[in-house]
Amino acid sequence: MTFTLDELSIPILGAPMAGGPSTVELVAAVSGVGGLGMLPTAYASPEETARRIGAVRELGCVRFGVNIFVVGEHAVGREALERYRDTLVSAAPDDVTIPPVPDFGSDDERQDHYAAKVRVAADAQVPLVTFTFGLPSESDVAVLHDRDVAIGVTVTTADDARRAVDRGADLLVVQGPDAGGHRSTFRPDEQPPTQPLPELLAEITGSLSTPAVAAGGVAGGTDVARLLDAGARAVSVGTLLLRTPEAGTKALHRTAMMDPAFTTTAVTWAYSGRPARGIANRFMTDFADVTPAAYPEVNTLTGPIRAAAERAEDPQSLNMWAGTGFRAATDRPAGEVVTELWSRAEPLLTRSRS
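Okay, so the sequence shown: first residue is 73 according to my numbering, each after it adds one.
The following block contains the structure:
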């Protein structure tokens, strides 16, 4: 039986936050209280992905999802990447070595082992696989559906939503402009839409019957109720979980979320070559106008700077992905965060979930 959102006793998903925050423990904690934990696969090998799926199940978690990046192509030439590397070299501390512009050994490596991860998810028969940055191929849809795996696609526009449904998506993750982390634009050079999430949600659910999950800017029960009343079947939360004990969020990142010196978020290409929202800092400002829209090459080039920033406890150089409501995050257990969010939202609903 293919997974549907109606199976959730709490219509809340834990966003798949790659790079550390979404640990197997966080996934299990969200699912354990009736929501749906989502396991990111970005930056992990296929073997590590399979191991982590097994680890989630060892924690007694049956219902959860997996997220896969569709890396795709970009139009940035090597010359532009070399110029950006030179800029990073000039700005980096003396003890930081910027690597050469990456020349990936294979297209599979550049694509973050996309095809192998789809096979891992299909073989493991995880309940749900969602895709970010683009669409799965028709053959991938067929393989996953043949194993009773539901398919979701993260979209930022109504046009992309229609394309996803035409490709075979069983649900849509509708991402609004306030979301933390990477925006799921289908091209890295595409300006992220600024259409408010409730409006985008209404536009999509008004023309498509495919169930929608609303993502971005959820800071409390009022937001959850507002989005469910606007047509979402569930909501996705990520930033609210960053400070929970189950999350693998870096200590420096956690501290910055509480630091009164950091007051705003901004969208930047500077760290990865794709648009992503994080706590605004000096690195984002300094490199705002010079970064090519070239993922994953830029992500590789800035890796040593990010690692050095963590070692030096320098929040002005570390990427600290977060949505606009980051001040609402607490250090309480993830299960408590999710259950309280729902307990505050449910009495406010004006329309039935059925």
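Glycine included, every Cβ here is placed at the ideal spot set by N, Cα and C.
Report the partner residues of residue i according to the DSSP bridge assignment.
{"i": "residue 349", "result": "253, 339"}
{"i": "residue 86", "result": "109, 309"}
{"i": "residue 432", "result": "Given a span of 73 to 426 for the chain in the structure shown, any question on residue 432 remains unanswerable."}
{"i": "residue 285", "result": "245, 306"}
{"i": "residue 141", "result": "204"}
{"i": "residue 91", "result": "Its beta-bridge partners do not exist; DSSP assigns none."}
What does a CB cutoff of less than 8 Å around residue i pick up in its chain, not counting 5 residues either side in sequence?
{"i": "residue 398", "result": "252, 311, 314, 329, 337, 351"}
{"i": "residue 421", "result": "297, 300, 301"}
{"i": "residue 486", "result": "Lying outside 73 to 426, the shown extent of the chain, residue 486 is not represented and no answer is given."}
{"i": "residue 173", "result": "150, 153, 154, 157, 369, 373"}
{"i": "residue 389", "result": "353, 354, 355, 377, 378, 380, 381"}
{"i": "residue 230", "result": "272, 275, 276, 279"}
To which residues of the same chain is residue i closer than 6 Å at the C-beta, ignoring the five residues directly before and after it?
{"i": "residue 359", "result": "342"}
{"i": "residue 250", "result": "288, 289, 395, 396"}
{"i": "residue 83", "result": "306"}
{"i": "residue 142", "result": "203, 205, 206"}
Should residue i go down as buried or exposed, given a rule of 16 or more other Cβ atoms within 10 Å for buried?
{"i": "residue 166", "result": "exposed"}
{"i": "residue 392", "result": "buried"}
{"i": "residue 147", "result": "exposed"}
{"i": "residue 186", "result": "buried"}
{"i": "residue 181", "result": "exposed"}
{"i": "residue 92", "result": "exposed"}
{"i": "residue 256", "result": "buried"}
{"i": "residue 184", "result": "buried"}
{"i": "residue 409", "result": "buried"}
{"i": "residue 81", "result": "exposed"}
{"i": "residue 232", "result": "buried"}
Taking the alpha-carbon positions, what's the residue i to residue j distance?
{"i": "residue 322", "j": "residue 279", "result": "41 Å"}
{"i": "residue 412", "j": "residue 419", "result": "12 Å"}
{"i": "residue 424", "j": "residue 175", "result": "53 Å"}
{"i": "residue 319", "j": "residue 133", "result": "16 Å"}
{"i": "residue 194", "j": "residue 127", "result": "17 Å"}
{"i": "residue 385", "j": "residue 324", "result": "6 Å"}
{"i": "residue 218", "j": "residue 191", "result": "12 Å"}
{"i": "residue 103", "j": "residue 294", "result": "22 Å"}
{"i": "residue 118", "j": "residue 96", "result": "16 Å"}
{"i": "residue 237", "j": "residue 344", "result": "28 Å"}
{"i": "residue 241", "j": "residue 201", "result": "10 Å"}
Compare the Cα-Cα distances from residue i to each of the options and report the closest residue.
{"i": "residue 387", "options": "132, 356, 219", "result": "356"}
{"i": "residue 346", "options": "372, 334, 365", "result": "365"}
{"i": "residue 267", "options": "246, 258, 281, 282", "result": "246"}
{"i": "residue 170", "options": "371, 91, 189, 101", "result": "371"}
{"i": "residue 263", "options": "348, 244, 270", "result": "348"}
{"i": "residue 309", "options": "326, 89, 79", "result": "89"}
{"i": "residue 406", "options": "80, 85, 79", "result": "85"}
{"i": "residue 244", "options": "139, 184, 331", "result": "139"}
{"i": "residue 129", "options": "115, 74, 223, 98", "result": "98"}
{"i": "residue 235", "options": "258, 363, 81", "result": "258"}
{"i": "residue 164", "options": "375, 404, 75", "result": "375"}
Using a Cβ-Cβ cut-off of 7 Å (strictly less than) and excluding sequence neighbours within five positions of residue i, which residues of its own chain qualify?
{"i": "residue 144", "result": "205, 206"}
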